[in-house]
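These protein sequence lines are chains V and G, in that order.
Numbering-wise, the first sequence is residues 1 to 116 according to our numbering.
Numbering-wise, the second sequence is residues 1001 to 1114 according to our numbering.
The C-beta atom is built at its ideal place from N, Cα and C for all residues, glycine as well.
As the structure is a prediction and not an experimental result, all values here were calculated from the model.
What follows is a single structure, written as structure tokens, with notes after it.
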Amino acid sequence: NAGVMQNPRHLVRRRGQEARLRCSPMKGHSHVYWYRQLPEEGLKFMVYLQKENIIDESGMPKERFSAEFPKEGPSILRIQQVVRGDSAAYFCASSPPARSYTGELFFGEGSRLTVL
Amino acid sequence: AQSVAQPEDQVNVAEGNPLTVKCTYSVSGNPYLFWYVQYPNRGLQFLLKYITGDNLVKGSYGFEAEFNKSQTSFHLKKPSALVSDSALYFCAVRGDTGGFKTIFGAGTRLFVKA
């Protein structure tokens, strides 16, 4: 039973390029969460999605960042025109299909973005 | 608004000694509380959770945590630390009203010295 799969594990981009990070949730999970971990900092909530719907994007920067979770395929976190401050580890987590779910989140191994 | 505070950036303990990693929280409604551990260059692994019931919850690798409603705390404990427990520990909270996102603390780095 595969866990949460994130790719790429490592991504290097130059300033101004686009970064696309993908997340496939655990089998049977339809809710996905994205978090950002800056060096020596904790996990910052970015966005919470279910298939074809954004539930909470209160942690997303207003510009350059977007997320989607289509009916088919993985969830994608897209960062346009990357800047050095975007360098971080981006973690995806998934949970079963219930907003009232009270259990733990299941995390992927993360995608580490480096902006040169 | 939900928030989690981990007041210690780092905790140092000798192997075999008891360890405590502190966590306090603020949330609307009833709290759902979690501890996760992160090893270098890895994702977060779930350790234990409090949803309801007994205030003392037991989790993986001999860890336990005590929910204290009056102090809004959920400290992580282990009676006897191992060198292999050295890692980054995160406390997290989710409320049962409003949104259902999980908020994490800043993390506490645990060093266990042989």
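Could you name the residues of chain V that residue i contacts, counting a contact when the two beta carbons are closer than 7 angstroms?
i	result
Phe-1034/G	Glu-104
At 9 angstroms on the CB atoms, spell out the chain G contacts of residue i, in chain order.
i	result
Gly-28/V	Correct list: empty, because the minimum Cβ distance to chain G is about 17 angstroms.
Phe-91/V	Gly-1043, Leu-1044
Asp-86/V	Correct list: empty, because the minimum Cβ distance to chain G is about 19 angstroms.
Among the options, whose alpha-carbon lies nearest the alpha-carbon of residue i?
i	options	result
Gly-103/V	Leu-1110/G, Lys-1022/G, Ala-1092/G	Ala-1092/G
Val-106/V	Asp-1054/G, Trp-1035/G, Arg-1109/G	Strictly speaking, residue 106/V in this sequence is Phe, with Val absent from that position. Phe-106/V has its Cα closest to that of Trp-1035/G, out of Asp-1054/G, Trp-1035/G, Arg-1109/G.
Glu-52/V	Phe-45/V, Arg-112/V, Ser-75/V, Glu-40/V	Ser-75/V
Cys-1023/G	Lys-1077/G, Ala-1114/G, Leu-1082/G, Val-1083/G	Lys-1077/G
Closest Cβ-Cβ distance between residue i and chain V: below 7 angstroms?
i	result
Phe-1046/G	yes
Ala-1005/G	no
Lys-1077/G	no
Gly-1029/G	no
Lys-1113/G	no
Thr-1020/G	no
Thr-1102/G	yes
Please compile the residues from chain V whose C-beta is within a distance smaller than 8 angstroms of the C-beta of residue i.
i	result
Thr-1152/G	With chain G covering 1001 to 1114 only, the question about residue 1152/G has no answer from this structure.
Gly-1105/G	Gly-42
Phe-1090/G	Gly-42, Leu-43
Thr-1072/G	Within chain V, no residue comes near Thr-1072/G; the closest Cβ sits about 18 angstroms away, beyond 8 angstroms.
Could you check whether the Cβ of residue i sits closer than 7 angstroms to any Cβ belonging to chain G?
i	result
Gly-16/V	no
Leu-43/V	yes
What residue range is occupied by the uninterrupted beta strand (DSSP E) comprising residue i?
i	result
Thr-102/V	Segment: none, Thr-102/V is in no beta strand (DSSP E) and carries neither H nor E.
Lys-1058/G	1056–1058
Gly-1095/G	1087–1095
Asn-1041/G	No beta strand (DSSP E) contains Asn-1041/G, which DSSP labels as neither H nor E.
Glu-1066/G	1064–1068
Asn-1012/G	1010–1014
Val-1112/G	1108–1113
Arg-112/V	111–115
Can you pull the chain G neighbours of residue i, defined as C-beta to C-beta under 7 angstroms?
i	result
Glu-109/V	Arg-1042, Gly-1043
Going along chain V, which residues have a C-beta under 9 angstroms from residue i?
i	result
Lys-1049/G	Thr-102, Gly-103, Glu-104
What are the start and end residues of each continuous beta strand (DSSP E) run of 3 or more residues lying completely inside the segment 13–87 of chain V, in chain order? 19–24, 31–37, 43–50, 53–56, 65–68, 75–79
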